[in-house]
Structures are given as structure tokens and as C-alpha cells.
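Participant:
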Ligand code: PEP
Ligand code: MG
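Residue numbers (this note's numbering): 1421 to 2025.
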């Protein structure tokens, strides 16, 4: 199990943490605590008998560091003079400081933890103290302290911390926060679940976890600092619960529930091949959302009738550099071929806000959600945009492809984009490439301004796809990644419902099809409202498609319309949610479990 000196779990009390369930499924397993700093020093307990050993390790690390610093100081004095060498004198002085050393020893003794954890903690606290001082003479010392900590830690754990790959067990990764690229970079064969203290339901980490079929809970607020590697937990990604050191009965209970859900999922899978038609004969198209070309297989397995959203930005996040035209093309072509004639909507790169490339993160924006992101970024980085457009167009020679622009806020962005697409078409033609000259060009409607001028935009585009994740974020001024306002993130808010209604009306007026590809499309209560408001295409996380099909087949469009009409007349999202929840649970009792939770929510694994 865990590497390291004399490590063993000493916690034995069951404790329950609540967060936001973002990817369903129940897992019982051992945790791997991911540090949120560059160096990974997890909090690890040791057996009480090993405390002395930890103190000896600490002493050795300090002695070696002082010896090393003395050599560095002497060399610096020779090369750069006395004054320049003084800094190392300060470092040596700190390591000889009894207060600092005493604080580290106290953490080891009191908390029964490894020397490296205690060093990292105490140095971190000292750095925070210096950082908070008004006098800049102190704040500049923060880097010295970080440097010094790093030197001591190198003698304790080597130049790198423990890596996930060193662990022999399948891990439930616990982190304060994960970036989408970290999530994408996990060895998928080793990570069985994810739990983070930060993040909201539609954060991209959550979306990626769902796409990978890894159960996940975010917004746990204070779990991360409480766990050590190897602790046993139950993670319930449907209810958003993590239970630490569960007792035998609790484990049994959750495991049997997981079996029940698995069996139910088998039933749902049988539904995958059925037509999603309402009881009064309205056909609803159910498509899948994907982040990677390989997920196309999953979409088909779960009965998706095509791909309604390919989030291509993950091609940029997976590597260190921008993907080449050929890399784009291979991904899109593979998707088109797997879909064998079914539709594929490729969204152009939607980077920014919580999805950053290495290059972007070097220039942090003050307010990235409102910054240079998505279509704005593409229109300012034309060579990059054109690489992607060329690849999408070339892929369109192999099957039905639609091109979708993200985060459109005005008609001029559409016109500019169309202009660039025409240029790219001309280039491709001159070069002899095949492509679909009539390919549909549509937009995400995910910003209130676009929804409000939908009737104007409808003259310029071939389709609309409502992105409720961002539409809710921007309409309600609620950061979709911030767990502290997660309870305010309400797709059922009447303001959002009214925007959806108006977009559908504007689309119908001009014969522009309207779909929804935000997470709301895969939420049963919201799916009913969307259908009631006139949306006829739902693009969802592949695993939830069978459940949504089942729902469609058990309700009439007339019922959906009446529910939506009533819902939109309420004053608040709470009233809407309560009303829809209550009606659906009464009318379709078999679709909900004893917790009142929709039963078609567990991705097969
Ligand atoms: C949305 O905003 O609803 C959407 C589907 O796009 P993303 O989640 O990728 O921002
Ligand atoms: Mg969006």
C-alpha cells in the first residue's frame, strides 16, 4: 500500500462529509491525497512508536541543509562578496532557530505525522505570517522561507513528492481543487473516484469526471486537510457524500445499493435501443456530449443518436502545446467514422474561464469568466482558429458535421466568424481538399445577450444550442465553479426559463432548430421543462441517455407543456423545483428511488 516510513492509519471514527454529487456511482476504497502545491506533501499519520524515527529524520534533514548552506554561503562570498552571501546566513540562522524547530517537533509529537508533513505545514504557516505583514521587508522574506522549506524537504523526500503512479491500489483522489487538465491527465486505470473541497456542479472537472464515468463529489469544503493516504472512505457521487472510515454495516449497505443501481442500469441499457418518443408521439432527439473522440463509442452504447456537443478544448488541455491541424482532423474524423452517418456537432475551442492552456495561465486575467475566452479568443488568434476550422471542414467530407461557435454575445461575432470560415473554405478548395460546403453553422446560446437578441441571431445561423451551464452562470451572476454559491446555481430560475422560452420562439419563427446541451438537459426535472418549453433535442452526458429516454417514453408532450407553463409563472426557482419534483414523483413513481432520486443516473462501468 502506501510507501514511506512507518505509515499506518490511526483514525477509527466514522465521519460523514457532504458536498455536491457531480458524477454518480458508489465506490468504497482508499484515498490518495493530492497536494495543491507543486510539491506533493500529503498529511500522513505514523504509528506512535515511529515518532522518534520521524524526529531523527528531521534532525538529519536540518543538519544536512545547514552543511549545504554553509558551503553555498562560502562559495557565494568568494564569487559575489560578503553582502550577497548574507542571505544564506539568514537561511542558516532560521534553521538554527529553536522556535521554528520546536514548532515542527511539536506537530510531529502532537499530531503523530511524518516529518515532511510537519516541515511543510510549519514553514507554510511562517510564510503566511510574513506574507500578511504590512512591511515589505517581511513580505520579501516569503520566497526565502519557501526556498528553505524546499531545501529541507528535498533531504526528507527527495526532489519530488510521492506520485499517484507509485501507489499500488486503485485510488479515490482527494484534492483541494483539480484543474481540468489534471483530471484529464490521471491514469484512468488507477483513479476510481474523485473528491474535492472546491468546485461546483457544472465545473469542467465535474464534466470530465462524468465523461470518464468516475464517481465524483465536489464542494466538500473541509475534507482534504482531514485525510491521510490510505484512509478508507465510501464516496457516493449521486448524493454527494463522503464517509470516512466507515463501519462494516455502512459499507455493506452502500455496496448492496451499488449492486441494485447496477442492475437497474442494465434495465436502462436495454432501453438504449428504443426510440425516444413521448406517449403522445413527439420525437425527441437524444444526443451525447463528449470531450474526447473515444467517448463516441460510449454515446452509441447508451443509445445516443449522435453527438450534440464535442467540447474540443480538451484537445488543447491534454498536451503542452496547441494541437496541430492533423491532430484535430484525426480526432474529428475518428468521431465521424464511428458515428457512421449520425450527426456530429463540433464546437470550436472554448478555452478561458476555468479551462486554461499553459500559455494562457502565464497571463492570468482579473476576471477570466468575463475575459478573453472562447470565440473572443479565437477571433484574436486567427492562425490557431483557422487550424481548427480547416480540420473541422476536412472532417465534414466524411459524414454529417455541424460547426458550433461558443459564447457568442453579438451578431458581429457570427459575421466575423462566417467570414473567416469562408476564407478557410476557399483555401481548402484551392488546395484540393474535400469538405461540405453546406455544412450547418450554429451557435451556443449561453449568454443572456445572445438569448435576448435571438431573433436577430436566428437570421445569421443554422441552429441554436442552449448552454444552460453558462446561461445560468451569466444570468444569475453565479460562478459555476464556486461551491460557496452552488445553492444559487439554479437552472429552474424563472429568469432562465423565460430566456429559454424566448430562444425557442425566435428559433421556430425562422425555422432554426433549438437544442440544449447544458447539464440541465440530463437532469430529469429540467429535461421535462425544456421539452415543455419546446426544445426537441437534448444532448446529455452519455451515461444518462437511457434514463432520459425512459423519461421521454413515459410522459406526454402535452403534460410537459402544462408543467412548463405553470413553472414559468412561479416567482422563484425553489417554487419551480418543488412543484416539478412533486408532480413527477407522483406521476412517475417507478423512475425514482426511495431517496426521491432519479434512478437512471448511474453510468455503467
Ligand atoms: C454550457 O455552457 O451549458 C455548455 C454546454 O458548455 P460548457 O459546459 O462546455 O461551458
Ligand atoms: Mg458554456
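Backbone N, C-alpha and C define an ideal beta-carbon position, used for all residues, glycine too.
Computed from a prediction, not measured in an experiment: that's the story for all the values here.
Considering only the alpha carbon of each residue, which of 1850, 1742, 1665 and 1882 lies closest to residue 1865?
Facilitator: For the purposes of this step, residue 1865 is taken as residue 445 along the chain shown, with counting starting at 1. Here the closest residue by C-alpha is 1882.
Participant: Could you tell me the distance, in whole angstroms, from the CA atom of residue 1612 to the CA atom of residue 1589?
Facilitator: Mapped onto the chain shown, residue 1612 falls at position 192. Mapped onto the chain shown, residue 1589 falls at position 169. If you take the alpha carbons of residue 1612 and residue 1589, they lie about 10 angstroms apart.
Participant: Let me check one thing: in DSSP terms, what residues is residue 1435 bridge-paired to?
Facilitator: For this step, residue 1435 is matched to residue 15 along the chain shown. In the DSSP output, where bridge partners are listed per residue, residue 1435 has 1664.
Participant: Return the CA-CA distance between residue 1369 and residue 1819, expressed in angstroms with no decimal places.
Facilitator: As displayed, the chain neither begins before 1421 nor continues past 2025, which places residue 1369 out of reach and without an answer.
Participant: Throw me the rounded Cβ distance for the residue 1912 and residue 1941 pair, which I believe falls under 8 angstroms.
Facilitator: For the purposes of this step, residue 1912 is identified with residue 492 of the chain shown, where counting begins at 1. For the purposes of this step, residue 1941 is identified with residue 521 of the chain shown, where counting begins at 1. Taking a contact as a CB-CB distance under 8 angstroms, the pair residue 1912 and residue 1941 does not count as one, their CB atoms being some 13 angstroms apart.
Participant: For residue 1937, verify whether its CB is less than 6 angstroms away from any heavy atom of the ligand PEP.
Facilitator: Here residue 1937 corresponds to residue number 517 of the chain shown, with the count starting at 1. Yes, Cβ of residue 1937 sits closer than 6 angstroms to a heavy atom of the ligand PEP.
Participant: Just mark residue 1526 as buried or exposed, buried being the case when its beta carbon has 16 or more other beta carbons within 10 Å.
Facilitator: In the chain shown, residue 1526 corresponds to position 106, counting from 1. Label assigned to residue 1526: exposed.
Participant: If you follow the beta strand (DSSP E) that residue 1634 is in, where does it begin and where does it stop?
Facilitator: The sequence position of residue 1634 within the chain shown is 214, counting from 1. Premise fails: residue 1634 is in no beta strand (DSSP E) and is neither H nor E.
Participant: State buried or exposed for residue 1506, treating a residue as buried only when at least 16 other CB atoms are found within 10 Å of its CB.
Facilitator: Indexing the chain shown from 1 puts residue 1506 at position 86. Residue environment analysis places residue 1506 among the exposed positions, since fewer than 16 neighbouring C-beta atoms fall within 10 angstroms of its C-beta.
Participant: Measuring straight from C-alpha to C-alpha, what distance separates residue 1796 and residue 1931?
Facilitator: Taking the first residue of the chain shown as 1, we reach residue 1796 at position 376. Taking the first residue of the chain shown as 1, we reach residue 1931 at position 511. Approximately 27 angstroms between the Cα atoms of the pair.
Participant: Ordered along the chain, which non-local residues of its own chain (more than five positions away) have a Cβ less than 8 angstroms from that of residue 1917?
Facilitator: Indexing the chain shown from 1 puts residue 1917 at position 497. Answer for residue 1917: 1949, 1953, 1984, 1987, 1988 and 1996, listed in chain order.
Participant: On a Cα-Cα basis, can you pick out the residue from 1536, 1511 and 1523 that is closest to residue 1565?
Facilitator: Taking the chain shown and counting its residues from 1, the one referred to as residue 1565 is at position 145. Comparing Cα-Cα distances from residue 1565 to each of 1536, 1511 and 1523, the minimum goes to 1511.
Participant: Could you tell me the boundaries of the beta strand (DSSP E) in which residue 1941 lies?
Facilitator: Indexing the chain shown from 1 puts residue 1941 at position 521. No beta strand (DSSP E) holds residue 1941; DSSP gives it neither H nor E.
Participant: Measuring CB atoms only, is the segment 1903-1912 touching the segment 1850-1859, in the sense that at least three cross pairs come out at less than 8 angstroms?
Facilitator: no
Participant: Taking C-beta to C-beta, are residue 1598 and residue 1617 nearer than 7 angstroms?
Facilitator: Locating residue 1598 in the chain shown gives position 178, counting from the first residue. Locating residue 1617 in the chain shown gives position 197, counting from the first residue. In this structure, residue 1617 does not lie closer than 7 angstroms to residue 1598 by Cβ.
Participant: Let me check you understand the geometry: is the CB of residue 1945 closer than 6 angstroms to at least one non-hydrogen atom of the ligand PEP?
Facilitator: Reading the chain shown from its first residue, position 525 is the one you call residue 1945. Checking every heavy atom of the ligand PEP against the Cβ of residue 1945, none is found closer than 6 angstroms.
Participant: Just how far apart, CA to CA, sit residue 2008 and residue 2001?
Facilitator: Indexing the chain shown from 1 puts residue 2008 at position 588. Indexing the chain shown from 1 puts residue 2001 at position 581. The C-alpha of residue 2001 is placed about 10 angstroms away from the C-alpha of residue 2008.
Participant: Classify residue 1824: buried if its beta carbon has 16 or more other beta carbons within 10 angstroms, exposed otherwise.
Facilitator: Taking the chain shown and counting its residues from 1, one reaches residue 1824 at position 404. Label assigned to residue 1824: buried.
Participant: Along the beta strand (DSSP E) that carries residue 1822, what are the first and last residues, could you check?
Facilitator: Within the chain shown, residue 1822 is the residue found at index 402, counting from 1. Unbroken beta strand (DSSP E) run through residue 1822: 1821-1825.
Participant: Whole angstroms are fine: how far does the CA of residue 1961 sit from the CA of residue 2005?
Facilitator: Along the chain shown, read from residue 1 onward, the residue named residue 2005 stands at position 585. Along the chain shown, read from residue 1 onward, the residue named residue 1961 stands at position 541. If I take the Cα positions, the gap works out to 23 angstroms.
Participant: Identify every residue that forms a DSSP beta bridge with residue 1767.
Facilitator: On the chain shown, residue 1767 is found 347 positions in, with the first residue counted as 1. For residue 1767, which the question treats as bridged, DSSP gives the partners 1731 and 1824.
Participant: Out of 1433, 1646 and 1936, which one is the CA nearest neighbour of residue 1463?
Facilitator: In the chain shown, counting from the first residue as 1, residue 1463 sits at position 43. The candidate whose alpha carbon is nearest that of residue 1463 is 1646.
Participant: Sorted by chain position, which residues of the same chain lie with C-beta nearer than 7 angstroms to residue 1924's C-beta, five sequence neighbours on each side aside?
Facilitator: Looking up residue 1924 in the chain shown gives position 504. Correct list, in chain order: 1934, 1953, 1954 and 1955.
Participant: What separation, rounded to the nearest whole angstrom, lies between the Cα atoms of residue 1487 and residue 1593?
Facilitator: Counted from its first residue, the chain shown places residue 1487 at position 67. Counted from its first residue, the chain shown places residue 1593 at position 173. Those two C-alpha atoms are separated by around 38 angstroms.
Participant: Applying the 10 Å Cβ sphere with the 16-neighbour rule, what's the burial state of residue 1879?
Facilitator: Taking the first residue of the chain shown as position 1, residue 1879 is located at position 459. Exposed: under 16 other Cβ atoms inside 10 Å.
Participant: Just the C-alpha distance for residue 1815 and residue 1570, rounded to the nearest angstrom, thanks.
Facilitator: Start at 1 with the first residue of the chain shown, and residue 1815 comes out as number 395. Start at 1 with the first residue of the chain shown, and residue 1570 comes out as number 150. Each residue's Cα considered, the two are about 49 angstroms apart.
Participant: As a quick exercise: from 1625, 1658, 1990 and 1760, pick the residue whose alpha carbon is nearest that of residue 1441.
Facilitator: Counted from its first residue, the chain shown places residue 1441 at position 21. The shortest Cα separation from residue 1441 among 1625, 1658, 1990 and 1760 belongs to 1658.
Participant: Can you tell me which of the three DSSP states residue 2007 falls into?
Facilitator: Walking along the chain shown from the start, residue 2007 turns up at place 587. Helix.
Participant: Start and end of the beta strand (DSSP E) containing residue 1652?
Facilitator: Position 232 of the chain shown, counted from the first residue, corresponds to residue 1652. 1652-1656 is the extent of the beta strand (DSSP E) around residue 1652.
Participant: Given a cut-off of 7 angstroms on the beta-carbon distance, is the pair residue 1674 and residue 1661 in contact?
Facilitator: In the chain shown, the residue the question calls residue 1674 occupies position 254. In the chain shown, the residue the question calls residue 1661 occupies position 241. Contact flag unset, no.
Participant: What are the boundary residues of the beta strand (DSSP E) that residue 1362 is part of?
Facilitator: This structure gives no information on residue 1362, because the portion of the chain shown stretches from 1421 to 2025.
Participant: Would you say the beta carbon of residue 1731 comes nearer than 6 angstroms to a heavy atom of the ligand PEP?
Facilitator: Within the chain shown, residue 1731 is the residue found at index 311, counting from 1. Yes.
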